[in-house]
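Asker:
Residue numbers (this note's numbering), protein chains in the order written: chain H, 92 to 384; chain Z, 52 to 477.
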């Protein structure tokens, strides 16, 4: 015991303890507590009863939940797009071009801006008499004003665009860090061998960025399925159910309609789905990367 | 060794899960039996929504008066923002420290009532007290004969009109439209002459009672809105959207203020509280605005939007809490609050005060008098509907699909009916 107290691992655990306690109380506890809750009709305000698998059976017959799951899965379309664009942007701002720091900062500004502010600005830009309609009408690309957020065929894609616009800078910075970890002699060797710019990107940059691609794909996948803020602020899941994502539906069932038991069951289903998809992402991105040590 | 460690961890986890399960099942027990009369000094916690600091003086005086006439009772007043009060109330009830008197809107009060989380006031109030409120408004939170809330300040919609846009369209604001059809004809002319729309609105379930369509059948066991008449009305509204009379969007109140303030629409249908927002956001538009009676829909009723006081079932001093809620909402105190806050009272006696009949020609007094004259016909559209929020959500989603997504009306009405019936079966 005395030996352990003086060990490095004891010191490490001591430093980590405050954070771990907070994570345990505010992250792990609610997750674990959600499991038994999903088998009840818990509503906070009235008596709770055990309902067995009723919530899960209801969930798979609930057309709104199934639509919300489908919308969340559709949202995953942005994952490869955002990764490709942010890698390209990272490569662009990694070069020694004049004013590159301004670009890096400009791309990062949306990341540090509150989602509420971002959503409100886009709602003005996209309103019937907003700047987007004005420009598109002037360019002759549309003939009538488009209610971008009130039309089912456009609303979800507009939300995806906003999510992407806000997230690009974040992933760009992560990829930039990855790019700067790739040894420059590899590029020099490729250049000596006469490799083209695209060949270098394809054969050196992308394979060595694989750990970053795995990490970024994983967190953007989870973020896409869990998307909430922009949807809730801009459309609240409407019009109809066209932008209803699983997080918004779970929020509505739990915090607006007090069906916390049912909301927990839905949360559990979505968590399992995210877990499954994360395993798939791991499978596709296992190999590659550069060892910095 | 490793195996035994794993076993210990799994046993601990199982015990933990089981204990959570049991605690979840045992939690949230109704606090009815905790209520009732209590001996000794009583401290009541009173929650309001977004009334500080504007009305701090009014409430401090009200509370001081009450405490003077009710020895041994202390009122602790807390005020929360509109968005926070629901979560705050849920967490307080869950943690066993329920407030005693809470200000809630009708939808939330009905939702709490349908889950048995607030006190049935019938056993506490006299007939005289019950009859002092406007019947339509009082009944809005009566579910299965149980009265779950005392109506407090309220408002009925009036028609706000931008006289500049109306004049530009060649119309005379001195002879405002009196029926829905006249309003539509005005809006159509405005669209043709000025390019601006008539009005913006939100697609929610109040559309049905406004148009005389019953939401539910008489015993509230099934949806009643899926009729050929409903289809005709919805087709008519869709045509109005196509003609530019109604903005093709689902426009919540905050955005309606933006549309009206930026002169993108000529009309706004709202309660008198709209004026304060308009005054701040667009003083020039405020100067050009007049308030006239709202042309009613096919039902001829005007919808009210009331704030209520409820007593949570977990209050430890239910009797005293109901007494205090009745005091806050009695005619005398509602009259003085309406004067201080430019709202309308829900008590019949209050409305006889000259404040609600004499105009100084300001927009505020035009709106107040117009709105007050509608109170006897006012109903809150949530009348006795259990699981109101779920039903509203289902209808709103369906209406949005029809109005904004060009969904088939018959098929969508069928789906809405099915969803509402499922909610009612719960």
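We put the CB at the ideal spot given by N, CA and C, even for glycine.
Less than 8 Å between CB atoms is the rule here; does residue 174(H) satisfy it with respect to chain Z?
Answerer: Counting from 1 along the first chain, the entry for residue 174(H) is found at position 83. Cβ-Cβ to chain Z under 8 Å: no for residue 174(H).
Asker: How big is the Cα-Cα spacing for residue 311(H) and residue 368(H)?
Answerer: Position 220 of the first chain holds residue 311(H). Position 277 of the first chain holds residue 368(H). Each residue's alpha carbon lies about 12 Å from the other.
Asker: At the level of alpha carbons, what is the spacing between residue 102(Z) and residue 130(Z)?
Answerer: Start at 1 with the first residue of the second chain, and residue 102(Z) comes out as number 51. Start at 1 with the first residue of the second chain, and residue 130(Z) comes out as number 79. Cα-Cα distance, rounded: 7 Å.
Asker: Output needed for residue 422(Z): all residues of its chain with C-beta closer than 7 Å, excluding positions within five of it in sequence on either side, in chain order.
Answerer: Against the second chain, residue 422(Z) aligns to sequence position 371. So the qualifying residues of the chain are 206, 207, 209, 322, 323, 395.
Asker: Assuming residue 95(Z) and residue 151(Z) are in contact, meaning their beta carbons sit under 8 Å apart, how far apart are those beta carbons, in whole angstroms?
Answerer: Here residue 95(Z) refers to the residue found at position 44 of the second chain. Here residue 151(Z) refers to the residue found at position 100 of the second chain. Correct: roughly 4 Å between the Cβ atoms.
Asker: Taking the alpha carbon of residue 359(Z) as the reference point, which residue from 338(Z), 328(Z), 397(Z), 341(Z) has its own alpha carbon closest?
Answerer: Here residue 359(Z) refers to the residue found at position 308 of the second chain. That would be 397(Z), whose Cα lies nearest to the Cα of residue 359(Z).
Asker: Please classify residue 173(Z): is it buried, with 16 or more other beta-carbons within 10 angstroms of its beta-carbon, or exposed?
Answerer: The sequence position of residue 173(Z) within the second chain is 122, counting from 1. Exposed: under 16 other Cβ atoms inside 10 Å.
Asker: Alpha carbon to alpha carbon, what distance is there between residue 229(Z) and residue 313(Z)?
Answerer: Residue 313(Z) sits at position 262 when you count from the first residue of the second chain. Residue 229(Z) sits at position 178 when you count from the first residue of the second chain. Going by the C-alpha atoms only, they are around 25 Å apart.
Asker: Anyone know if the C-beta pair for residue 165(H) and residue 247(H) falls short of 8 Å?
Answerer: In the first chain, residue 165(H) corresponds to position 74, counting from 1. In the first chain, residue 247(H) corresponds to position 156, counting from 1. Result yes, Cβ atoms of residue 165(H) and residue 247(H) sit closer than 8 Å.
Asker: Could you tell me whether the Cβ of residue 361(H) comes closer than 8 Å to any Cβ of chain Z?
Answerer: For this step, residue 361(H) is matched to residue 270 along the first chain. Answer no: the Cβ-Cβ gap between residue 361(H) and chain Z never drops below 8 Å.
Asker: Compare the C-beta of residue 104(H) with all C-beta atoms of chain Z and state if any pair is closer than 8 Å.
Answerer: In the first chain, the residue the question calls residue 104(H) occupies position 13. It does not; no Cβ of chain Z falls within 8 Å.
Asker: Which residue spans inside the region 104-130 of chain H form an unbroken alpha helix (DSSP H) run of at least 4?
Answerer: 120-128
Asker: In the DSSP assignment, what are the bridge partners of residue 353(Z)?
Answerer: As a position in the second chain, residue 353(Z) is number 302, starting the count at 1. Paired residue(s): 429(Z).
Asker: Using CA atoms only, rank isn't needed, just tell me which of 361(Z), 147(Z), 183(Z) is closest to residue 197(Z).
Answerer: Start at 1 with the first residue of the second chain, and residue 197(Z) comes out as number 146. Comparing Cα positions, the closest option is 361(Z).
Asker: If we define contact as Cβ-Cβ less than 8 Å, is residue 305(H) a contact residue for chain Z?
Answerer: For this step, residue 305(H) is matched to residue 214 along the first chain. Judged by the 8 Å Cβ criterion, residue 305(H) is not in contact with chain Z.
Asker: Scan the region 203-227 of chain Z for residues whose Cβ lies nearer than 7 Å to a Cβ of chain H and list them as they occur along the chain.
Answerer: Those residues of the region 203-227 of chain Z that come within reach of chain H (Cβ to Cβ, closer than 7 Å) do not exist; the list is empty.
Asker: From the beta carbon of residue 182(Z), is the nearest beta carbon of chain H less than 8 Å away?
Answerer: Taking the first residue of the second chain as position 1, residue 182(Z) is located at position 131. Output row for residue 182(Z): interface = no.
Asker: Does any residue of chain H bring its CB to less than 8 Å from the CB of residue 414(Z)?
Answerer: Position 363 of the second chain, counting from 1, holds the residue named residue 414(Z). So, not an interface residue.
Asker: Using only the alpha-carbon positions, how far apart do residue 306(Z) and residue 315(H) sit?
Answerer: The count along the second chain starts at 1 and reaches residue 306(Z) at position 255. The count along the first chain starts at 1 and reaches residue 315(H) at position 224. C-alpha separation (whole angstroms): 27 Å.
Asker: Take every Cβ of the region 258-268 of chain Z, pair it with every Cβ of the region 280-289 of chain H, and state whether three or more of those distances are shorter than 8 Å.
Answerer: no
Asker: What did DSSP end up calling residue 204(Z) once you bin it into helix, strand or coil?
Answerer: Taking the second chain and counting its residues from 1, the one referred to as residue 204(Z) is at position 153. Reduced to three states, the DSSP call for residue 204(Z) is coil.
Asker: Strictly below 8 Å CB to CB, what residues from chain H border residue 393(Z)?
Answerer: Residue mapping note: residue 393(Z) aligns to position 342 of the second chain, counting from 1. Those do not exist, as residue 393(Z) stays about 28 Å from chain H at its closest Cβ, beyond 8 Å.
Asker: Applying a beta-carbon distance threshold of less than 7 Å, which residues of chain H neighbour residue 440(Z)?
Answerer: Within the second chain, numbered from 1, the residue matching residue 440(Z) stands at position 389. In chain order: 347, 348.
Asker: Suppose contacts are defined by Cβ-Cβ distances below 8 Å. Is residue 301(Z) in contact with residue 241(H) by that definition?
Answerer: Walking along the second chain from the start, residue 301(Z) turns up at place 250. Walking along the first chain from the start, residue 241(H) turns up at place 150. Contact flag set, yes.
Asker: What is the DSSP secondary structure of residue 321(Z), counted as helix, strand or coil?
Answerer: As a first step, residue 321(Z) is located in the second chain; it is residue number 270 there, counting from the start. The three-state secondary structure of residue 321(Z), taken from DSSP, is strand.
Asker: Does the region 251-270 of chain H come into contact with the region 194-214 of chain H, if we say contact requires no fewer than three beta-carbon pairs (one atom in each stretch) closer than 8 Å?
Answerer: Look at the beta carbons and you see the region 251-270 of chain H touching the region 194-214 of chain H: at least three pairs across the two are nearer than 8 Å.
Asker: Would you say the beta carbon of residue 155(H) comes nearer than 7 Å to a heavy atom of the ligand ATP?
Answerer: For the structure depicted, the ligand ATP is absent and the ligand set is empty, with no information on it obtainable.
Asker: Quick check on this structure: which residue in 331(H), 130(H), 160(H), 100(H) has the alpha carbon closest to the alpha carbon of residue 351(H)?
Answerer: Looking up residue 351(H) in the first chain gives position 260. Checking every option, the nearest Cα to that of residue 351(H) belongs to 130(H).
Asker: Label residue 303(H) either buried or exposed according to how many other C-beta atoms from any shown protein chain fall within 10 Å of its C-beta, with 16 as the threshold for buried.
Answerer: Start at 1 with the first residue of the first chain, and residue 303(H) comes out as number 212. Around the beta carbon of residue 303(H), 16 or more other beta carbons lie within 10 angstroms, which makes this residue buried.
Asker: Mark residue 278(Z) as exposed unless 16 or more other C-beta atoms lie within 10 angstroms of its C-beta, in which case mark it buried.
Answerer: Taking the first residue of the second chain as 1, we reach residue 278(Z) at position 227. Exposed is the call here.
Asker: Which residue from 344(H), 370(H), 373(H), 365(H) puts its Cα closest to that of residue 150(H)?
Answerer: Start at 1 with the first residue of the first chain, and residue 150(H) comes out as number 59. Here the closest residue by C-alpha is 344(H).
Asker: Where does residue 84(Z) fall in DSSP's three states?
Answerer: Looking up residue 84(Z) in the second chain gives position 33. In this prediction, residue 84(Z) has a pLDDT of 38, which is less than 50 and means its spatial position is unreliable; nothing more can be read from the coordinates.
Asker: Would DSSP call residue 363(Z) helix, strand or coil?
Answerer: Here the question's residue 363(Z) lines up with position 312 in the second chain. In the structure shown, residue 363(Z) sits in a strand (DSSP, three-state: E or B).
Asker: Can you round the beta-carbon distance between residue 157(Z) and residue 214(Z) to whole angstroms, since I take them to be within the 8 Å contact cut?
Answerer: In the second chain, counting from the first residue as 1, residue 157(Z) sits at position 106. In the second chain, counting from the first residue as 1, residue 214(Z) sits at position 163. Not really, about 33 Å apart at Cβ, beyond 8 Å.
Asker: Kindly indicate the opening and closing residues of the alpha helix (DSSP H) around residue 94(Z).
Answerer: Residue 94(Z) sits at position 43 when you count from the first residue of the second chain. From DSSP, residue 94(Z) is part of no alpha helix (DSSP H) but of the beta strand (DSSP E) over 93-100.
Asker: Would you mind reading off the limits of the alpha helix (DSSP H) that contains residue 288(Z)?
Answerer: On the second chain, position 237 is the one that residue 288(Z) refers to. Segment 279-293, the alpha helix (DSSP H) holding residue 288(Z).
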